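Student: The following block contains the structure, expressed as structure tokens.
Residue numbers (the working numbering): 1031 to 1379.
Structure follows, in structure tokens:
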């Protein structure tokens, strides 16, 4: 496979976290769109003729396109405001023949000028928002004393209509397509390493603003219960991807790749753990220089090594600059590690 193709595979694979966020958001929208589609399918093109009593007693459910009659009490109801500005007005629709009343969200915010009258309404039944539900429940005793029964579960939105089937289907299919496209990164590797020979390092290769070595590690690390005054190994292993790491030479020609993992909440550290991978000439099969492909290629070194239980694994170290890669390769050769030429097939991590 061509290097450019591998690079784009790595770039797409690196978008997993963005894809996850989009899937969650689009998934929520898809659930809503499917609900609207079902509402559109279940509702006829013309409103269903019902009574206030049927809605109050539960004979008519939510998301139903209906028409009904009753006395509109515009001077009694509720007002919804934002920052002191009215954004919605609710009035009471009363059927004095049966003694039932229903809360209706008016199509017009200003209804003070209207007088109590017998009207015919067309709209959609909806589940009552929690805040409005609380207000209705708190007034239920007052309604009962006046001889009326109501419900806090449903209310009517005046003038509301169900979405069209074509419109709802288009919205649902569009969101479904977004979910499918957002899942594509999960079928690509997050990290792709391409072996390459180490570039020639000159004095001009060192950037003027270089202050410290920046190393990022990808692989499975062993938890360290203690690091001072002596190392105490744990049993847990954890996968890290592009985690900040340090290279620590140890006794008897070993190397420890060390991660100090800090979990923060609102910039406050809440847990600190230590992790390490131990490398030596006996457990490392081959070391390959190369690059970690992505939106910005990083010089890298890949280790193929065996765990104590004999399981083969890989560890990838990447650097901000080729100078640091060359320095590690030089150190490994001086320590007697078998370093490859950087000419091999790509490895996926």
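Glycine residues also receive a C-beta, built at the ideal position from the N, C-alpha and C atoms.
Note that this is a predicted model, so its numbers are computed, not measured.
How far does the alpha helix (DSSP H) with residue 1069 in it reach, from first residue to last?
Tutor: First-last of the alpha helix (DSSP H) with residue 1069: 1046–1072.
Student: Check the DSSP bridge columns for residue 1109 and list the partner residues they point to.
Tutor: DSSP output for residue 1109 lists 1119 as bridge partner(s).
Student: Is residue 1360 helix, strand or coil by DSSP?
Tutor: In the structure shown, residue 1360 sits in a helix (DSSP, three-state: H, G or I).
Student: For residue 1254, which of 1215, 1302 and 1172 has the nearest alpha-carbon?
Tutor: For the residues 1215, 1302 and 1172, the minimum Cα distance to residue 1254 belongs to 1302.
Student: Does the structure place the stretch 1357–1369 close enough to the stretch 1066–1077 that three or more beta carbon pairs sit under 8 Å?
Tutor: These segments do not touch.
Student: Report the start-end ranges of each beta strand (DSSP E) in the stretch 1273–1332 that is 3 residues or longer and not cut off at the edges.
Tutor: Taking only runs of at least 3 residues, the beta strand (DSSP E) segments lying wholly in the stretch 1273–1332 are 1285–1295, 1298–1309 and 1314–1323.
Student: Rounded to whole angstroms, what's the CA-CA distance from residue 1342 to residue 1336? Just pull it up for me.
Tutor: The straight-line gap from Cα to Cα measures roughly 4 Å.
Student: Counting only runs that start and end within the stretch 1143–1203, where is the beta strand (DSSP E) found for 3 or more residues in a row?
Tutor: Listed in chain order, they are 1147–1157 and 1184–1188.
Student: Helix, strand or coil for residue 1102 per DSSP?
Tutor: Strand.
Student: Between 1227, 1283, 1273 and 1300, which has its C-alpha nearest residue 1289's C-alpha?
Tutor: Nearest option by C-alpha distance: 1273.
Student: Out of 1204, 1184, 1189 and 1307, state which residue places its alpha-carbon closest to the alpha-carbon of residue 1090.
Tutor: Looking at the Cα atoms, 1184 is the closest of the given residues.
Student: Quick check on the burial criterion: 16 or more other C-beta atoms within 10 angstroms. Buried or exposed for residue 1196?
Tutor: By the 10 Å Cβ count, residue 1196 comes out exposed.
Student: Does the stretch 1300–1315 come close enough to the stretch 1200–1211 that 3 or more CB-CB pairs lie under 8 Å?
Tutor: These segments do not touch.
Student: Looking at the unbroken alpha helix (DSSP H) that takes in residue 1040, where does it start and where does it end?
Tutor: Here the alpha helix (DSSP H) through residue 1040 covers 1033–1043.
Student: Between residue 1322 and residue 1363, what straight-line distance do the alpha-carbon atoms span, to the nearest angstrom?
Tutor: Roughly 21 Å separates the two Cα atoms.
Student: For residue 1045, which option in 1217, 1078 and 1351 has the closest C-alpha, if you only look at C-alpha atoms?
Tutor: The shortest Cα separation from residue 1045 among 1217, 1078 and 1351 belongs to 1217.
Student: Closest to residue 1325 by C-alpha separation, out of 1033, 1032, 1031 and 1038, would be which residue?
Tutor: Ranking the options by Cα distance to residue 1325, first place goes to 1038.
Student: From the DSSP secondary-structure annotation, give me the bridge partner or partners of residue 1097.
Tutor: In the DSSP output, where bridge partners are listed per residue, residue 1097 has 1079 and 1152.
Student: For residue 1052 and residue 1286, what's the separation of their Cα atoms in angstroms?
Tutor: About 38 Å.
Student: Secondary structure at residue 1257, three-state DSSP: helix, strand or coil?
Tutor: Here residue 1257 sits in coil by DSSP.
Student: Spell out the partners DSSP gives residue 1263 in its beta bridges.
Tutor: Answer is 1254, bridged to residue 1263.
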